[in-house]
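**Q** Take the sequence shown: its letter number 3 is residue -2 in this note's numbering, and every next letter is one higher.
Even for Gly, the Cβ is constructed at its ideal location relative to N, Cα and C.
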Amino acid sequence: VQQFLTENLKFSEGPAKGVVLEVKKEKGQAITMDVLIYDGVIKKGEEFIVGGLEKPIKSKVRALLVPKPLDEIRDPRQKFDSVDMVSAAAGIKILAPNLDDVVAGSPVRGIGDPSQEKTVYNEIESEVEGIRIKTDKAGVVLKADTLGSLEALENHFTKNDVKISIADVGPIKKEDIMNANLVKSLDPYSATVLGFNVAILPEAKEQAIADNIRIFTNNVIYRLLEDYIEYAEIRKAEDTAKGLSELILPAKLKMIPDFIFRNSDPAVFGVHVEAGTLYPKVTLITGDGKKARRVHQIQDKGKTIEKAVKDSEVAISIRGIEIGKDIDKDETLFVNVPESHVRQIMGKFLDELTVDQKQALREYIILQRKMQHPWWGM
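1. Along the alpha helix (DSSP H) that carries Glu146, what are the first and last residues, could you check?
2. Report buried or exposed for Gln(-2), applying the criterion of at least 16 other Cβ atoms within 10 angstroms of its Cβ.
3. Keeping to the same chain, check which residues put their C-beta closer than 6 Å to that of Asn274; ignore five residues upstream and five downstream.
4. Verify the contact flag: Lys138, CB atom, against every heavy atom of the ligand GDP, threshold strictly below 7 Å.
5. Helix, strand or coil for Ala246 per DSSP?
6. In the DSSP assignment, find the beta strand (DSSP E) that holds Tyr33 and state where it starts and stops.
7. Using only CA atoms, which one of Pro10, Val350, Asn155, Glu358 lies nearest to Arg218?
8. Using C-beta distances below 6 Å, list every residue in its chain close to Gln294, excluding the 5 sequence neighbours before and after it, in chain order.
9. How far does the beta strand (DSSP E) with Val294 in it extend, from its first residue to its last?
10. Is Thr114 buried or exposed, if buried means 16 or more other CB atoms sit within 10 Å of its CB?
11. If you draw a straight line from the alpha carbon of Asn207 to that of Ile280, how long is it in whole angstroms?
12. If Ala133 and Lys158 are in contact, beta carbons under 8 Å, what's the gap, nearest whole angstrom?
13. Who does Ala270 pair with in a DSSP beta bridge?
14. Which same chain residues, not among the five before or five after Gly100, have their C-beta less than 6 Å away from its C-beta?
15. Between Val330 and Gly271, which are expected to be in contact by the criterion C-beta below 8 Å, what is the C-beta distance as a whole number of angstroms?
16. Keeping to the same chain, check which residues put their C-beta closer than 7 Å to that of Ile255; ignore five residues upstream and five downstream.
17. Note down the Cα distance separating Lys55 from Ile106, rounded to an integer number of angstroms.
18. Let me know the secondary structure DSSP gives Glu228 once reduced to three states.
19. Counting C-beta neighbours from all protein chains within 10 Å, is the total for Lys168 16 or more, i.e. buried, or is it exposed?
20. My output table needs one value for Gly165: the three-state DSSP class, helix, strand or coil.
21. So, are the CB atoms of Tyr33 and Lys20 less than 8 Å apart?
22. Exposed or buried, Ser77, counting other C-beta atoms within 10 Å across all chains shown (16 or more means buried)?
23. Identify whether Thr235 lies in helix, strand or coil by the three-state DSSP scheme.
24. Hey, is the segment 38 to 54 in contact with the segment 87 to 104, meaning 3+ C-beta pairs nearer than 8 Å?
25. Tell me which same chain residues have a C-beta within less than 8 Å of the C-beta of Leu60, skipping the five on either side of it?
26. Specify the secondary structure class of Leu0 as computed by DSSP and reduced to three states.
27. Cα-Cα, which of Leu239, Lys53, Glu112, Lys38 is closest to Met80?
28. Between Ala58 and the rest of its own chain, which residues show a CB-CB distance below 7 Å, the 5 nearest in sequence each way excluded?
29. Helix, strand or coil for Arg257, going by three-state DSSP, please let me know.
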C-alpha cells in the first residue's frame, strides 16, 4: 500500500495544506498541534493560518517535530526529531505561538507569498464557517470538541429531524445558554444546549439555572441524541396532557328512549356515548342547538363514576330540564365546548384527538355555525 501511494500520489511543492489532528501541551514545551500535511511543503520559520474558536489564527512555525524511529529512542522524553522542512504526505507536530484556541479538525494553510495572506485567511474562515451553523430558526444549540465531531453531530441530528439553531466548537459558554433562551418563544422543546465531549464553564451553569435551560453532555453521539429526544418527548407529552386537562373536549351522546328513569327534578335518563368521553359538570346542547343544562352526575349500574368513555351506556342526571318539554326523549346531545376552547383544540391539539372526537367536533362546529355565524370557532 505504501509503495502504491508513493508511486501514484503526486503533491505540489507549494505552501502546505493540512488538517489539525490534535492540540495538546507537551511536557516542557508550549502548546503544540499534531497536523497531517496532505499537500505542499511546510518549513521552519514559515507563517501559516489555522482555524480557531472565534476566527482564523495566524502564527509562525517555531519547530517542526517528527517521531524518531523506534530503534533510535534512547530516552522516552526524547521521542521527536526537529527538522527544517516537511513535505506531503506526513504527520508532524508543530510548535508555534498562539495555538491556545486552535480547534482540532481545522484546516491549516501555509501562507507562502505574503500577498496571499488575505486569500488564505478567507479560505480558512469559509471552510470552518461551512461546518458551523448560525440561523434564526428554532433549534438546539450544539457544541463539540472538534470540527470533525461537530460535522458528525450535525449529520446525525439532521437525519433524525432535529433542528439545529447554532453549531460550534469549544466549551459550553454563557453565550450558548443565552442563545438557547432566545429559542424558547419559537420552540420551547428545542431550547436546550447539547455538548459532545466538551466542558461546561461555571458561568454557563449559572446562566442555565437562571434561564431554566437544560444542558445535555455525552461522549457518545447517539446517546446525546437519545437523551435529547427522550427529554423533548416527555416535555411535549406533559404539556399536551396539561393543556388538554384545561379544556372541555368534544363528545356526542344519544339518549336511549327506553331508559328514561325520571322526567325532571332532576331528569335522569340513559345515554349511549357515541364519541369522545363524557365527564360530570359539563353542559350539553341538543342537536338543534337547545341548551340541555349541566350534567350533575354519571352512574353505571347504580354506582357514580367519574367519566363515561366511547360506546358505554350510562345514566346521567340533569337539573332544571323536563324531558318531553325542554328536550325530547331521543335527542342527540353534544358537550357544549366554548368557542375559545375550540380555537385552542384546532390550533394546538387537533392531532391529539381520537377519530371519533374529531368527527364529533366537526359536527359540533357545523351546528354552532348554523346557530351563530359562519366563521364560529375560526
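**A** According to the structure shown:
1. Numbered from 1 along the sequence shown, position 151 holds the residue referred to as residue 146. Per DSSP, Glu146 belongs to the alpha helix (DSSP H) from 142 to 154.
2. By 1-based counting over the sequence shown, the position of residue -2 is 3. At Gln(-2) the pLDDT is 46, less than 50, meaning the model places this residue with poor confidence; the figure from the coordinates comes in the next sentence. Gln(-2) counts as exposed, since fewer than 16 other C-beta atoms from the protein chains shown sit within 10 angstroms of its C-beta.
3. Within the sequence shown, numbered from 1, the residue matching residue 274 stands at position 279. As written in the sequence, residue 274 is Tyr, which differs from the Asn given in the question. The answer, listed in chain order, is Lys302.
4. By its list of ligands, the structure shown contains no ligand whatsoever, and the ligand GDP lies outside what it can speak to.
5. Here residue 246 is taken as the residue at index 251 of the sequence shown, counted from 1. In the three-state reduction of the DSSP assignment, Ala246 falls in the coil class.
6. Here residue 33 corresponds to residue number 38 of the sequence shown, with the count starting at 1. Looking at the DSSP string, the run of the beta strand (DSSP E) that includes Tyr33 is 26 to 34.
7. Within the sequence shown, residue 218 is the residue found at index 223, counting from 1. With respect to the C-alpha of Arg218, the residue from Pro10, Val350, Asn155, Glu358 having the closest C-alpha is Asn155.
8. Stepping through the sequence shown from its first residue, residue 294 is reached at position 299. Result list for Gln294: Ala310, in chain order.
9. What you label residue 294 is simply residue 299 of the sequence shown in a count that begins at 1. The sequence shown places Gln at residue 294, rather than the Val named in the question. Looking at the DSSP string, the run of the beta strand (DSSP E) that includes Gln294 is 286 to 295.
10. Here residue 114 refers to the residue found at position 119 when the sequence shown is read from its first residue. Looking at its Cβ environment, which holds fewer than 16 other Cβ atoms inside 10 Å, Thr114 is exposed.
11. Walking along the sequence shown from the start, residue 207 turns up at place 212. Walking along the sequence shown from the start, residue 280 turns up at place 285. Straight through space, the alpha carbons of Ile280 and Asn207 are spaced by roughly 44 Å.
12. Taking the first residue of the sequence shown as position 1, residue 133 is located at position 138. Taking the first residue of the sequence shown as position 1, residue 158 is located at position 163. A Cβ-Cβ separation of about 6 Å places Ala133 in contact with Lys158 under the 8 Å criterion.
13. Residue numbering aside, residue 270 sits at position 275 when the sequence shown is read from its first letter. In the DSSP secondary-structure assignment, Ala270 is bridged to Lys247.
14. Translated into the one-based positions of the sequence shown, residue 100 becomes position 105. Residues of the same chain with a CB within less than 6 Å of the CB of Gly100, apart from the 5 flanking positions on each side, are Thr141, Leu142, Gly143 in chain order.
15. Here residue 330 corresponds to residue number 335 of the sequence shown, with the count starting at 1. Here residue 271 corresponds to residue number 276 of the sequence shown, with the count starting at 1. The Cβ separation is near 7 Å, so the contact holds.
16. Against the sequence shown, residue 255 aligns to sequence position 260. Within its own chain, the residues whose Cβ lies closer than 7 Å to the Cβ of Ile255, once the five positions on either side in sequence are excluded, are Phe264, Ile318, Lys324, listed in chain order.
17. Taking the first residue of the sequence shown as position 1, residue 55 is located at position 60. Taking the first residue of the sequence shown as position 1, residue 106 is located at position 111. C-alpha of Lys55 to C-alpha of Ile106: approximately 10 Å in a straight line.
18. Within the sequence shown, numbered from 1, the residue matching residue 228 stands at position 233. Looking at Glu228 - three-state DSSP - the assignment turns out to be helix.
19. Counting from 1 along the sequence shown, the entry for residue 168 is found at position 173. Lys168 should be labelled buried.
20. Reading the sequence shown from its first residue, position 170 is the one you call residue 165. Correct three-state label for Gly165: coil.
21. As a first step, residue 33 is located in the sequence shown; it is residue number 38 there, counting from the start. As a first step, residue 20 is located in the sequence shown; it is residue number 25 there, counting from the start. In this structure, Lys20 does not lie closer than 8 Å to Tyr33 by Cβ.
22. Here residue 77 refers to the residue found at position 82 of the sequence shown. Of the other Cβ atoms in all chains shown, fewer than 16 fall within 10 Å of the Cβ of Ser77; this residue is therefore exposed.
23. Against the sequence shown, residue 235 aligns to sequence position 240. In this structure, Thr235 counts as helix in the three-state DSSP scheme.
24. Below 8 Å, enough C-beta pairs join the segment 38 to 54 and the segment 87 to 104 to call them touching: three or more.
25. Locating residue 60 in the sequence shown gives position 65, where the first residue counts as 1. Thr27, Phe75, Asp76, Ser77, Val78, Ile87, Lys88, Ile89, Leu90, listed in sequence order.
26. In the sequence shown, residue 0 corresponds to position 5, counting from 1. Reliability of the predicted coordinates at Leu0 is poor, the pLDDT of 43 falling under 50, and the value obtained from them is presented with this limitation in mind. Three-state result, Leu0: helix.
27. On the sequence shown, position 85 is the one that residue 80 refers to. Of Leu239, Lys53, Glu112, Lys38, the residue nearest in Cα terms is Lys38.
28. Reading the sequence shown from its first residue, position 63 is the one you call residue 58. Lys39, Ser77, Leu90, listed in sequence order.
29. As a first step, residue 257 is located in the sequence shown; it is residue number 262 there, counting from the start. It is a strand residue.
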